[in-house]
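Peer 1: Have a look at the structure that comes next, please.
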Amino acid sequence: MAPGKRLAAACGAWIVFEDEAGFSMAPPRGRTWGRRGHTPVIRVRGRSRRRTSVAALCCYKPGEKSRLIHRPRTHLLLKGARKSFSWKDYRDLLVRAHIQLGGPIVVVWDCDTGGVPHGSWPDPVCD
Numbered sequence: 000m001a002p003g004k005r006l007a008a009a010c011g012a013w014i015v016f017e018d019e020a021g022f023s024m025a026p027p028r029g030r031t032w033g034r035r036g037h038t039p040v041i042r043v044r045g046r047s048r049r050r051t052s053v054a055a056l057c058c059y060k061p062g063e064k065s066r067l068i069h070r071p072r073t074h075l076l077l078k079g080a081r082k083s084f085s086w087k088d089y090r091d092l093l094v095r096a097h098i099q100l101g102g103p104i105v106v107v108w109d110c111d112t113g114g115v116p117h118g119s120w121p122d123p124v125c126d
């Protein structure tokens, strides 16, 4: 059995898989088969520079219904504004998941640190 599964089973914890994604709300560049010289006008709704990020947790525990906990973030259009999740956003998401699930969690993180410096997470503890 994998080390995380043994730890989760010993603690009665939820196994939580984390991932994040970014989206551009602008439509892709459009091309048409219109005649040369007669450019069609295509109406596009929304603002062209809007970006959104979503971080989600898929939570599993034997004998319980699986859960999906997510947090969207719309980015400001200010120059120099952060365009991704910070480590504080991830921390808040994990704290909310811990409260919502009502028990300990074992997080399975992907390789991308997402602004979280290496070595900044505490060692897993079962309490």
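In terms of numbering that gives the first Met the number 0, the sequence shown is numbered consecutively and its last residue is 126.
By construction, the Cβ of each residue, glycine as well, lies at the ideal position given by its N, Cα and C atoms.
1) So is His74 in contact with chain C if we call contact Cβ pairs under 8 Å?
2) State the Cα-Cα distance for the pair Val94 and Gly21, rounded to the nearest angstrom.
3) Would you mind giving the Cβ-Cβ distance between Arg66 and Leu92, rounded to the nearest angstrom? I have them listed as a contact below 8 Å.
4) Given Gly11, which residues of its chain have a CB within under 6 Å of its CB, disregarding the five upstream and five downstream residues?
5) Could you say which of Ala96, Lys82, Arg49, Arg50 lies nearest to Leu56 if we only look at CA atoms?
Peer 2: Reading off the structure:
1) No chain C appears in the structure shown, which is made up of a single protein chain.
2) Position 95 of the sequence shown, counting from 1, holds the residue named residue 94. Position 22 of the sequence shown, counting from 1, holds the residue named residue 21. Computed Cα separation, rounded: 22 Å.
3) In the sequence shown, counting from the first residue as 1, residue 66 sits at position 67. In the sequence shown, counting from the first residue as 1, residue 92 sits at position 93. So it is not a contact: roughly 13 Å between Cβ atoms.
4) As a first step, residue 11 must be located in the sequence shown, where it is residue number 12. Excluding sequence neighbours, Gly11 sits near nothing in its chain.
5) Within the sequence shown, residue 56 is the residue found at index 57, counting from 1. Selected option, being the one with the closest Cα: Ala96.
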